[in-house]
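>
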Amino acid sequence: MGELGDLLRKTREEKGLSLAQVEEATRIRHAYLQALEEEAFDRLPAAVYVRGFLKNYALFLGLDASTTLQLYHPVSAQGSPQPTPAFLNEPLTLHPGTALLMRWAGPILLILCLAAAGWLAFNRWGGRINLHWPFFWPSASPTLAPTATPTATLVALTATPISPTPTPEPTMTPAPTETPRPIQGLEMRIEVVGERAWLMVEIDDQPAFAGILEPGAADTWVARERIFLRCGNAGAVRLRLNDVDLGFLGTSGQVVNREWTAPGVPTRTPAAPAGQ
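129 is the number of the first residue of the sequence shown in this note's numbering; add one for each residue after it.
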């Protein structure tokens, strides 16, 4: 056992460790640890793995890894000699059938390549070649009958003056005047101006709005037969019925009840909301 193996074994024994405990801690197989301590490098894998095992084992035992690896080099240099690759002393003899196949393999491969190329060329361009060439039998030249020479006949032409036909002037058709579409029923636009106003609106005897409107507020209601309006500040409410400006409903602070009906619809007397 050499210096490297003694160092590893003595250090482990001084620490009171068994190979099984070292195996569990370092994850190095028990057989590899024993081979390292016995310097039986023939039982270990390649040198690169041995150096890794030595480094981990030395660090686990508290040894200097570099010093431990330096002890491995002279030992590995004295190891078993590298195996000499074996060479055949006799020339390799091929089977007669194999030699014949190798001899004809090249020509056969060339023939197959040419056949494949010809097949591809025929599929690609062969369909475009017309194999049915037209064939004509020689025939006697037809005898041309003498053609009569036409005689030119002079005809006197008299120029007749053509009177230009006057082009009629285009008639301008006046565009039809668009007639304003009459409003069906009642359309009331209410606008609050200057002051706040309390309003209650009924459309066709159904409540439509009740509340206080701020200055600048405006809205439009449409009814088929009847619009009833109750206002708590008539001087701030301006009305427009069917695009006709009705002006302000009354004076400032005045309470007004008004009703508008479509033509032919009777007016309730006196004008009052449907609930009263």
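We put the CB at the ideal spot given by N, CA and C, even for glycine.
1) Return helix, strand or coil for I156, following the three-state DSSP convention.
2) Using DSSP bridges, identify the partner residues of V365.
3) Out of V365, A351 and I355, which one is the CA nearest neighbour of I340?
4) Are there 16 or more other CB atoms within 10 angstroms of the CB of Y185, so buried, or fewer, so exposed?
5) Inspect the beta-carbon positions of A390 and R358 and report whether they are closer than 9 Å.
6) Out of L242, E319, L369 and A362, which one is the CA nearest neighbour of N385?
7) Quick one: what does DSSP say T395 is sitting in, helix, strand or coil?
8) Let's see if you can read the secondary structure: which residues bound the beta strand (DSSP E) around F181?
9) Can you list, in chain order, the residues of its chain with a C-beta nearer than 7 Å to that of Q82? Leave out the 5 residues immediately preceding and following it.
10) Between E131 and Q198, what straight-line distance do the alpha-carbon atoms span, to the nearest angstrom?
11) Would A325 be called buried (16 or more neighbouring beta carbons within 10 Å of its own) or exposed?
12) Quick one: grab the DSSP three-state call for E165.
13) Taking the C-alpha atoms as reference points, what is the distance between Q149 and T196?
14) Starting from L341 and walking both ways along the alpha helix (DSSP H), at which residues does that stretch end?
15) Under three-state DSSP, which class holds D371?
16) For V383, does the three-state DSSP call read helix, strand or coil?
17) If you draw a straight line from the alpha carbon of L327 to that of P335, how long is it in whole angstroms?
18) Please report the distance separating the alpha-carbon of V350 from that of G344.
19) Check each candidate in D332, G378, K138 and G360 and name the one with the smallest Cα separation from E342.
20) Can you give me the C-alpha to C-alpha distance between D371 and A338, rounded to a whole angstrom?
21) Under the three-state reduction of DSSP, which class applies to D347: helix, strand or coil?
22) Where DSSP assigns a beta bridge to E315, which residues make up the other side?
23) Just how far apart, CA to CA, sit G381 and E323?
24) Nearest-angstrom Cα distance between G246 and R231?
25) Who does V329 pair with in a DSSP beta bridge?
26) Express the C-alpha separation of V329 and F376 in angstroms, rounding to a whole number.
27) Keeping to the same chain, check which residues put their C-beta closer than 8 Å to that of E152; ignore five residues upstream and five downstream.
28) What's the gap between the Cα of V178 and the Cα of K138?
Let's see:
1) coil
2) V320
3) V365
4) buried
5) no
6) A362
7) coil
8) Element bounds for F181: not the beta strand (DSSP E) but the alpha helix (DSSP H), A175 to L189.
9) Residue 82 is absent from the model: the chain starts at 129 and stops at 404.
10) 11 Å
11) buried
12) helix
13) 21 Å
14) First-last for L341: Q334 to L341, but that is the beta strand (DSSP E), not the alpha helix (DSSP H).
15) coil
16) coil
17) 11 Å
18) 20 Å
19) G360
20) 24 Å
21) strand
22) V350
23) 10 Å
24) 25 Å
25) F337 and L357
26) 16 Å
27) none
28) 19 Å
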